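The numbering of the sequence shown is numbering that gives the first Met the number 0, which starts it at 0 and goes up by one.
Below is one structure, written out as structure tokens, with a few remarks after it.
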Amino acid sequence: MRLGIAQLGSLAGDFATTADRMAAYSRRAADRGVDLLIFPMNVLSGAAGVPYVDREGFLLDLAEALSGLTERLACPCLVPATADVDGTPTPEAMLVVDGDVRPLRLSAFLEDAVAAGAPAPARRRAASSRALPEVELAGCRLGIACSYDDLDDYDEYDYDVNVILYLSTYGFSMDDASSALGPALADSRFLADARATGAWICGVGSLGCYDAETFTGSSFVLAPWGEVAAQAPALEEALLVCDVDPASEGPLPHALTPEVFDRGAAAWGALTLGLGQTCSQLGASDVALLADGRLGSSVLAALATDALGPTHVHALIAPDLGPVALAAARDLCRNLRVDARECPSVPGEGDPLLRADVTQAHLAALAREVGGVALSSHDKTGLALEGPRGLDAGALAPLGDVYRSDVLAFAHMRNTVSPVIPAAARMAYDLPDLPGLAACGHSSETRLEFADYVLASYVEWELPVSDIVEARGHEEAVCAILARVRALSWARRAAPPALMMSSKLLDEVRSPLGLAWSDRVRPHEERLEATLAAFDREGSDEKRQAPPAQASPAGQVGLPQDAHELLGLLRDVSLGGGLSLGGGEPGPQTGASGQDASGRHGSGPSRPGGGLWNGPFSEN
């Protein structure tokens, strides 16, 4: 079977233009003898849903575009789309052959539900965990996966498929190598998926920035025994054609060598693509930024120059800088060949915040003058532990989802290409002023890395404070870091939006205003699992020593078994985010694609240690 992957960038909802380009790709694929052309998940509808008030109109226009496409496609095509169903992004993949359209995921769901032979609610719950498509085409049996959970199910439930078409719904994330697709095959999950399922894995990556989430393309075809059969380039459009043979057992005659995954380079490429397309979507071709001779602003200027070109970057050199910082700012602008303007001195001798606010006003004026977008140099570490400082003219913070230690790594990496960032700027960054942090490393860089490790453990990996301290020690510093994150959660609302570069934004880590409680480091014997184990032991001893006991009166919770049940219930809620009927049905926070309500990686990198058991309820 000859497969084609149309790695096509598009503007979400621009149905007419996108349909024309899809038809053109299908003609190119037909000329090359392609049996099935696969389009990426975001090509028509993008990665994010539309507001509820617009949902009906969007779905009607999407259906009209799909109907028109059926007569224009020159070869069999797989056309995906994402639609909002009850507020949850739901992916679908439609097989278009000779003008006929078959929604594969919906068909699989209905077939599985009917086969279950149960009442409707139970059928829905049963089908939700295993309703994955299987379709015959050109001598191959194809499966469709849209999430990591789908890939797991194709292995766990032993589906009889030769080829799994993985239509990625995940944007690039620095903490999830699998989101990079082709460049990270050696570090991602897909080699294990191919060997576990015994099927060819065709990873189809979207291309472009959708609602601040960046997709880098990088589609690939992987043989069941782990060889790379084909790979599309990252960050650019391509038509990838590859022959897959279900009967082949390898080796491939012209296998590709998997790349060594360069996380920093991949992230820089995603940021440049995201910044360029976001500015275009905002209707601007230029940006304005503040050059203050420090790390964050210097990396931001280099990023903007790579994304837009030097003629579209306008730097405002901050006023009243010291001689070292002033020289670093001027050298940076000269090295990057960007438009640089000196900001006039501002009043406020005894009030540095007032001076900073006036400087931000000058930056806003520069952005208006050039008709561009004002950029903020905030990074994730600063937003988490320092909070916004005074006024911020920035409409976008490209580095707002990147930890400061990664920003420092960006500076070193970018200078290997061309030494544009002065040494003084690379060393000019702040460490959060927190108790105990000074003891967490022998240099400012190691202390910064420690702070970012704690933040990542808490934000992305969702580890409690006790687990973090157990892993790395330094209890005082860890508690101070997490307390600062909670204290600044509401202040961060004033920060400009960031380009998504992780599986979880800081906006999703928000403590309720007025919550007085905060967690503390607990010894092992006080942890939930140890407490439940103690109740188990006590209950077993009582059963051996005492006659059968009567059930507790309603409303009384005092006996060991009652306490065990209550704690088990609390544990279920804390681990699963709520209670649901049926282990496989998506809950209120997780969509059918395995994404959470925000569209991010709902089943992304596994939490270290995993859950305590598989089901949503306790063993009782």
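Built from N, CA and C at the ideal position, the CB exists for glycine as well.
The structure displayed is predicted, hence computed values, not measured ones.
- Relative to the Cα of G197, the nearest Cα in the group G204, Q359, E226 and C208 belongs to E226.
- One thing to note: G399 has its Cβ within 8 Å of the Cβ of A497.
- Secondary structure note for H313: its beta strand (DSSP E) is the uninterrupted segment V312 to I316.
- Its chain contains G399, R491, A494 and L505 as the residues whose beta carbon lies nearer than 7 Å to that of L382, once the 5 sequence neighbours on both sides are disregarded; these appear in chain order.
- Contact between the stretch 51-69 and the stretch 13-27 is present: 3 or more CB-CB pairs across the two stretches fall below 8 Å.
- By the Cβ-count criterion, V52 is exposed, with fewer than 16 other Cβ atoms from all chains shown falling within 10 Å of its own Cβ.
- With a cut-off of 8 Å on Cβ pairs, the stretch 306-316 is not in contact with the stretch 237-250, counting fewer than three such pairs.
- The alpha-carbon separation between S465 and R519 amounts to approximately 7 Å.
- In the structure shown, L299 adopts helical secondary structure according to DSSP, grouped into three states.
- Proximity to V42 across P50, L35, L77 and E55 peaks at L77, based on C-alpha coordinates.
- Out of A64, V33 and R388, the CA that lies nearest to the CA of V100 is found in A64.
- Closest by C-alpha distance to P75, out of A82, V95, T89 and A355, is V95.
- Under the three-state reduction of DSSP, V162 is assigned to strand.
- Sixteen is the threshold: when 16 or more other Cβ atoms of the shown chains lie within 10 Å of the Cβ of A269, as they do, the residue is buried.
- No Cβ-Cβ contact shorter than 8 Å links L294 with Y156.
- Here R336 is exposed, its C-beta having fewer than 16 other C-beta atoms within 10 Å.
- Three or more Cβ pairs closer than 8 Å define a contact, and the stretch 321-329 falls short of that threshold against the stretch 348-368.
- The shortest CA-to-CA distance from L395 to any of E469, H473 and L289 is the one to L289.
- Residue S297 holds the alpha-carbon nearest to the alpha-carbon of V419 among D34, S297, G263 and G12.
- Bridge pairing for G3: L36 and V240 [DSSP].
- Boundaries of the beta strand (DSSP E) around T213: E212 to T215.
- Between L274 and the set E212, A231 and Y452, the nearest pair of CA atoms involves E212.
- DSSP, read as helix, strand or coil, puts R101 in strand.
- Cβ contact annotation for V134 (same chain, cutoff 7 Å, sequence separation greater than five): L94, L103 and L141, in chain order.
- Beta bridge pairing from DSSP links A144 with Y165.
- V286 sits close to A303, with the two beta carbons spaced by under 8 Å.
- Taking a 10 Å sphere around the C-beta of D175, we find 16 or more other C-beta atoms and assign the residue as buried.
- Inter-segment contact for the stretch 466-475 and the stretch 221-239 is absent: fewer than three beta-carbon pairs are separated by less than 8 Å.
- Residues of the same chain with a CB within less than 6 Å of the CB of G282, apart from the 5 flanking positions on each side, do not exist.
- Secondary structure of L136 (DSSP, three-state): strand.
- In the three-state DSSP reduction, W199 falls in the strand class (E or B).
- If you draw a 10 Å sphere on the C-beta of A15, you find fewer than 16 other C-beta atoms in it, and that means exposed.
- Shown here, P309 sits in a helix according to DSSP, grouped into three states.
- Setting aside the 5 residues that flank it on each side, L190 is surrounded in the same chain by G225, each with a C-beta closer than 6 Å to its C-beta; the list follows chain order.
- For the set D19, H253, E110 and S217, the Cα lying nearest the Cα of Y169 is the one of S217.
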